[in-house]
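Just so you know, the protein sequences line up as chains H and A, in that order.
No gaps in the numbering here: position 86 of the first sequence is 86 in the numbering used here, and each next residue is one more.
No gaps in the numbering here: position 109 of the second sequence is 109 in the numbering used here, and each next residue is one more.
Positions of the beta carbon are idealized from the N, C-alpha and C atoms, including for glycine.
Structure first, commentary second.
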Amino acid sequence: TQLLEQSPQFLSIQEGENLTVYCNSSSVFSSLQWYRQEPGEGPVLLVTVVTGGEVKKLKRLTFQFGDARKDSSLHITAAQPGDTGLYLCAGVAGWGSQGNLIFGKGTKLSVKP
Amino acid sequence: SAVISQKPSRDICQRGTSLTIQCQVDSQVTMMFWYRQQPGQSLTLIATANQGSEATYESGFVIDKFPISRPNLTFSTLTVSNMSPEDSSIYLCSAGTGNSPLHFGNGTRLTVT
């Protein structure tokens, strides 16, 4: 069974601080997606990383896919209260098959003003 | 990207009853899935809704408890049957096409008393 270990599970920081969320597995994924979910809403896709070693930036968010496509990280610079939410990583286990989407347990981020 | 409408958004039901959740996509999609999410936690795949054939269930989920319909490429239903308090959760519909990332509805928050 493929698993995605996501850490930390909870993170409470002050506005302006930096943070990194990690997503690790012993398995290889064809791609990895990061979602953010706010209370009462469904997960919203932030980014998909496909190539080993790939780095993608979305404003203050930097996503990296490990060279071996087994792990990924999300780094947020100068966090703001609007970044508060549940961050989920999800790995695509099969090639060309979104049906094999495996989710990490999520990181609940709280950014205090 | 597909827009997914899910209803009801929330419901409170008595044990022993059944609830049917509807998922409508604004465009034709090849794949539709149903997930369960405990509040503040990650997503667990219940089943893949297959158009014109029986749904494919994940381990721990059975058709008698979670019957699913998918009459066409834009619509699916999930029924939670003979409910117990343990079924209290958020149920999410997602959809996608080909290798595109999944998009999610806003979920149905179910409370069973």
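Asked	Found
I need the boundaries of the beta strand (DSSP E) containing A/Ser88, first residue and last residue.	From DSSP, A/Ser88 is part of no beta strand (DSSP E); its letter is neither H nor E.
In chain order, what residues of the same chain lie with their CB nearer than 7 angstroms to the CB of A/Ser76, ignoring the 5 residues before and after it?	Cys23, Met32, Ala49, Ile68, Ser69, Arg70 and Cys93
Please name the residues in the stretch 101-112 of chain A whose beta-carbon is closer than 9 angstroms to at least one beta-carbon of chain H, in chain order.	Pro101, Leu102, His103, Phe104, Gly105, Asn106, Gly107 and Arg109
Mind reading off the beta-carbon distance from A/Ser89 to A/Arg15? Whole number of angstroms is fine, and I expect it under 8 angstroms.	Actually they do not touch by this definition, with Cβ atoms about 14 angstroms apart.
Do we get a CB-CB distance below 8 angstroms when we pair H/Glu41 with the residues of chain A?	yes
Check whether the Cβ of H/Lys108 lies closer than 8 angstroms to any Cβ atom in chain A.	yes
With a 10 Å radius around its C-beta and 16 neighbouring C-beta atoms as the bar for buried, classify H/Arg60 as buried or exposed.	exposed
With a threshold of 6 angstroms on Cβ separation, who are the neighbours of H/Lys108 within its own chain once the five nearest residues in sequence on each side are excluded?	Phe10 and Leu86
Using beta carbons (cut-off 8 angstroms, strictly below), is H/Thr84 in contact with chain A?	no
Compute the Euclidean distance between the alpha carbons of A/Thr74 and A/Thr97, then round it to the nearest angstrom.	11 angstroms
By the criterion of Cβ-Cβ separation under 7 angstroms, what are the contact partners of H/Gln33 in chain A?	Pro101
Using 8 angstroms as the Cβ pair cut-off and three pairs as the minimum, do the stretch 28-38 of chain H and the stretch 47-62 of chain H touch?	yes
Whole beta strand (DSSP E) runs in the stretch 21-45 of chain H with 3 or more residues, listed along the chain?	31-37
Leaving out five residues before and five after H/Gly91 in sequence, what residues of the same chain have Cβ atoms less than 6 angstroms from its Cβ?	Leu4, Phe29, Leu32 and Ile102
Compute the Euclidean distance between the alpha carbons of A/Gly40 and A/Gln51, then round it to the nearest angstrom.	31 angstroms
Closer than 6 angstroms by C-beta to H/Thr62: which residues in its own chain qualify, once you throw out the five before and the five after it? Chain order, please.	His75
What in chain A is Cβ-close to H/Gly104, meaning under 8 angstroms?	Ser42
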